[in-house]
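Presented below is the structure to which this report refers.
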Amino acid sequence: MNTVHQHIIVIGLVQGVGFRYFAVMQARRLGIAGWVRNRRDGSVEVDAQGDDEAVDAFVSALRQGPRWAEVQQVKVTDLAVDDGILYGFSVRAD
Numbered sequence: 001m002n003t004v005h006q007h008i009i010v011i012g013l014v015q016g017v018g019f020r021y022f023a024v025m026q027a028r029r030l031g032i033a034g035w036v037r038n039r040r041d042g043s044v045e046v047d048a049q050g051d052d053e054a055v056d057a058f059v060s061a062l063r064q065g066p067r068w069a070e071v072q073q074v075k076v077t078d079l080a081v082d083d084g085i086l087y088g089f090s091v092r093a094d
């Protein structure tokens, strides 16, 4: 098991469609730690850390999004693993 840490920006119709709730549910199902928040530009920002296979599955789920979302682009940046992020996934204020 390799731990990875990724910063993710999801672009498209991703606000007002339950995207953050969807991200929380997927992260908790996969054991991903981190957070999600709306950005002022209409995108959604995600910080995710966990097992590499789980994070890959999480990013794949974000690419699909919830039913009413229209994901146009997902930008993923690898970050250094943060030992302070051990568990839990939450919605942060915009």
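Just so it is clear: in the sequence shown, position 43 is 43 by UniProt numbering, and no numbers are missing. A virtual CB, placed ideally from N, CA and C, is assigned to each residue, including glycine.
Pull up the distance between the alpha-carbon of Val39 and that of Ala57, whole angstroms please.
The residue given as residue 39 occupies position 39 in the sequence shown. The residue given as residue 57 occupies position 57 in the sequence shown. Just to set this straight, residue 39 is Arg in the shown sequence, not Val. Between Arg39 and Ala57, the C-alpha separation is close to 23 Å.
With a 10 Å radius around its C-beta and 16 neighbouring C-beta atoms as the bar for buried, classify Asp47 as buried or exposed.
Numbered from 1 along the sequence shown, position 47 holds the residue referred to as residue 47. The residue is buried, with at least 16 neighbouring Cβ atoms inside 10 Å.
How long is the line joining the alpha carbons of Ala54 and Val17, rounded to whole angstroms?
As a working note, residue 54 is residue 54 in the sequence shown. As a working note, residue 17 is residue 17 in the sequence shown. Each residue's alpha carbon lies about 24 Å from the other.
Taking three-plus beta-carbon pairs below 8 Å as touching, is the stretch 26 to 42 in contact with the stretch 66 to 77?
Result no; under three Cβ-Cβ pairs closer than 8 Å.
On a Cα-Cα basis, can you pick out the residue from Tyr87, Gly65, Val81 and Gly88 that is closest to Gln15?
Taking the first residue of the sequence shown as 1, we reach residue 15 at position 15. The option with the nearest alpha carbon to Gln15 is Gly65.
Could you name the residues of the same chain whose beta carbon sits closer than 6 Å to that of Val81, not counting the 5 residues immediately before and after it, in chain order?
Translated into the one-based positions of the sequence shown, residue 81 becomes position 81. Excluding sequence neighbours, Val81 sits near Thr3 and His5.
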